[in-house]
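Participant:
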Amino acid sequence: MAAMSLISLFVTLLFSAATAAQSPSVIVVGAGMSGISAAKTLYEAGIKDILILEASSRIGGRMLKADFSGYTVEMGANWYNSGGPVANPLVDLAKKVNLKSYINDYSNIAENTYKQEGGLYRKKDVEKVDEVATARDEYCSNFSKMLSSNKKKDIDVSILAGQRLYGRSPSTPLEMVIDFFHNDYEDAEPPRVTSLKHTFPHAQFEEHGGNPHFVTDPRGFEVLVQYLARQIVKKGRSSVQLQLKKVVREIAYSKSGVTVRTEDGSTYSANYVIVSASLGVLQSDLLKFKPTLPMRKRMAISDFSMTIYTKIFMKFPYKFWPSAGPRTEFFLYTHVQRGYYPVWQHLDNEYPGSNILMVTITADESRRVEQLSNEAIQAEAMAVLKKMFGDKIPNPENILVPRWGLHRFYKGSYSNWPANYNQEKHDLLGAPVGPVYFTGEHNSNKFLGYVDGAYLEGIATANDLIKCIKGKGCKGDKNMEV
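In case it helps, mature numbering (1 follows the signal peptide of the UniProt record, and there is no 0) puts the sequence shown at residues -21 to -1, 1 to 461.
1) According to DSSP, which residues form a beta bridge with Lys267?
2) How close, in whole Å, do the beta carbons of Leu311 and Phe160 come, if the pair is a contact with beta carbons under 8 Å?
3) Name the one or two DSSP bridge partners that Ile291 has.
4) Once DSSP output is grouped into helix, strand and coil, what is the label at Leu(-16)?
5) Scan the segment 346 to 406 and note each continuous alpha helix (DSSP H) run of 4 residues or more that stays entirely inside, going in chain order.
6) Using a Cβ-Cβ cutoff of less than 8 Å, which residues in the same chain neighbour Phe47 once the five nearest sequence positions on both sides are dropped?
7) Once the 5 residues before and after Lys224 are set aside, which same chain residues still bring their CB inside 6 Å of it?
8) Do the segment 103 to 118 and the segment 134 to 150 make contact, defined as three or more Cβ pairs closer than 8 Å?
9) For Lys267, I'd like the list of residues in its chain whose CB is within less than 6 Å of its CB, leaving aside the five on either flank, ordered along the chain.
10) Exposed or buried, Val348, counting other C-beta atoms within 10 Å across all chains shown (16 or more means buried)?
11) If you reduce the DSSP assignment to three classes, tell me which class Leu(-9) lands in.
12) Taking Ala342 and Asp163 to be in contact with their CB atoms under 8 Å, please state how far apart those CB atoms are, rounded to whole angstroms.
13) Would you mind reading off the limits of the alpha helix (DSSP H) that contains Arg275?
14) Nearest to Leu364 by CA position, among Met337, Arg346, Ser352, is which residue?
15) What are the boundary residues of the alpha helix (DSSP H) that Gly115 is part of?
16) If the criterion is Cβ atoms closer than 8 Å, does the pair Tyr429 and Thr286 meet it?
17) If the criterion is Cβ atoms closer than 8 Å, does the pair residue 546 and Met367 meet it?
18) Bridge partners of Asn190, per DSSP?
19) State yes or no: is the C-beta of Gly450 within less than 8 Å of the C-beta of Ala433?
20) Measure the Cβ-Cβ separation of Val156 and Pro321 and say whether it is below 8 Å.
21) DSSP state of Ser16, grouped into three classes?
22) Determine, using beta carbons only, whether Asn87 and Arg306 come nearer to each other than 8 Å.
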């Protein structure tokens, strides 16, 4: 079923079974991957009187596509991994919907790293720096395992501290851009603020594999969420209700249940609610809880990191970059200002003939750039490209700049585990409070920041609620007074 027809079906269902929608057993706030995954898990356990409230006009959350110059590009989630010893559930879902993707090849970096004022670094010089970075990562992984083996104390340090202990922390522009590629490009924050213990070794690669599938499907990565939703939101066959454009502003809760109020004045009551809003939303003033969540819960929410990963797309009239074969796919730009337009990718392999370049920035640079106009961003990016490829390159025909940090329904791209944020606090981050349950990629110990993390956490949260509903113990009861 095409995406548009699926949305049409959902819209048709919005006003059906109104009485059931007003008083379901469970309300799910948010129709992203974790929310839909949770709802589907409840449904399959026989809990079918569910209402899903989604703030936007679509489902998918931070799996968000855009039509850019006739091509479908992913503004948010873009990759999933395969080839590891532990099955990635997204691989099976991708097969079921015949999701189109391209496996990226990062092996060319040493051959395509540019100096700040132009010209390529010698391949052997980049390889030497990359070898140090790889050895440093291995040290950090081993050090992390040593910290984790200490069962008596929850000790952690930043990745930067681990690098200093190794004795070779990055300092030159070349060392910094290679370090960015190894760390910020994945975690969306620099090593100085990122937990070593909860980042190394990367479970995503260790378990789910090192084959990065770049989604290129014209239906968008969000088709996976639509596929899951289609199984539970069925006209005439299910009491699961989905309502779009319902911005939840308040959740009132007590031991007897919840009352949810939306921006348009609607009110819904239920026995339980699962909140799948992003961590950024939980940290903002968009959603209020009555009574206010317990202080330790609020501290756990406030102290975790919601960061920004920005992919800027530019469409050109013709190619002026090297693109002969897979080993030209990525190139790096060094700059004294860490993270200044550092990682470039041509999309000739993903979208043949598109003449599209994508540059990735993160964290503070993303926050800075989000405040600029598209014209100012284009001017900065073009100045970088001219350093790399000369002054005679053409201006882009189009530019697309996602602004995740400024979007009130997301307030960022995904979470990152900050240094010295311990496991006990992270357990509180995802812990239910009375009848209010919380889910999302930020709850994941292993796959936070990833779509598979969101998917698996939706299932885990739903299973906790199912045990509660079936009288096998409610985790939220003990947290009412946390």
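Note that CB positions come from ideal geometry on N, CA and C, so glycine has one too. This structure is a prediction, so every number in the text was calculated from the model and none was measured.
Facilitator: Concretely, from the data shown:
1) Position 288 of the sequence shown, counting from 1, holds the residue named residue 267. Listed as beta-bridge partners of Lys267 by DSSP are Glu229.
2) In the sequence shown, residue 311 corresponds to position 332, counting from 1. In the sequence shown, residue 160 corresponds to position 181, counting from 1. Indeed, because the Cβ distance is near 6 Å, the residues count as touching under 8 Å.
3) In the sequence shown, counting from the first residue as 1, residue 291 sits at position 312. Per DSSP, Val338.
4) Position 6 of the sequence shown holds residue -16. Unreliable placement is indicated for Leu(-16), whose pLDDT of 47 sits below 50; no coordinate value is reported for it.
5) 353 to 368
6) For the purposes of this step, residue 47 is identified with residue 68 of the sequence shown, where counting begins at 1. Hits under 8 Å: Phe292, Lys294, Ile335, Asn377, Leu379.
7) In the sequence shown, residue 224 corresponds to position 245, counting from 1. Answer for Lys224: Ser36, listed in chain order.
8) yes
9) In the sequence shown, residue 267 corresponds to position 288, counting from 1. Glu229.
10) Counted from its first residue, the sequence shown places residue 348 at position 369. The residue is buried, with at least 16 neighbouring Cβ atoms inside 10 Å.
11) Walking along the sequence shown from the start, residue -9 turns up at place 13. Unreliable placement is indicated for Leu(-9), whose pLDDT of 45 sits below 50; no coordinate value is reported for it.
12) Residue numbering aside, residue 342 sits at position 363 when the sequence shown is read from its first letter. Residue numbering aside, residue 163 sits at position 184 when the sequence shown is read from its first letter. Contact flag correct, Cβ pair sits at about 7 Å.
13) As a working note, residue 275 is residue 296 in the sequence shown. It spans 274 to 282 - the alpha helix (DSSP H) in which Arg275 sits, taken as one unbroken run.
14) Indexing the sequence shown from 1 puts residue 364 at position 385. The shortest C-alpha separation from Leu364 is found at Met337.
15) Within the sequence shown, residue 115 is the residue found at index 136, counting from 1. Sequence check: residue 115 is Arg here, not Gly. 102 to 128 is the extent of the alpha helix (DSSP H) around Arg115.
16) As a working mapping, residue 429 is identified with position 450 in the sequence shown. As a working mapping, residue 286 is identified with position 307 in the sequence shown. Not a contact, by the Cβ cut-off of 8 Å.
17) The requested residue 546 does not occur in the structure, where the chain is confined to residues -21 to 461.
18) Taking the first residue of the sequence shown as 1, we reach residue 190 at position 211. DSSP lists Ser61 as partners of Asn190.
19) The sequence position of residue 450 within the sequence shown is 471, counting from 1. The sequence position of residue 433 within the sequence shown is 454, counting from 1. Contact flag unset, no.
20) If you number the sequence shown from 1, residue 156 lands on position 177. If you number the sequence shown from 1, residue 321 lands on position 342. It is a contact, given that the beta carbons lie within the stated cut-off.
21) In the sequence shown, residue 16 corresponds to position 37, counting from 1. In the structure shown, the three-state DSSP call for Ser16 is helix.
22) As a first step, residue 87 is located in the sequence shown; it is residue number 108 there, counting from the start. As a first step, residue 306 is located in the sequence shown; it is residue number 327 there, counting from the start. Cβ distance < 8 Å, so Asn87 and Arg306 count as in contact.
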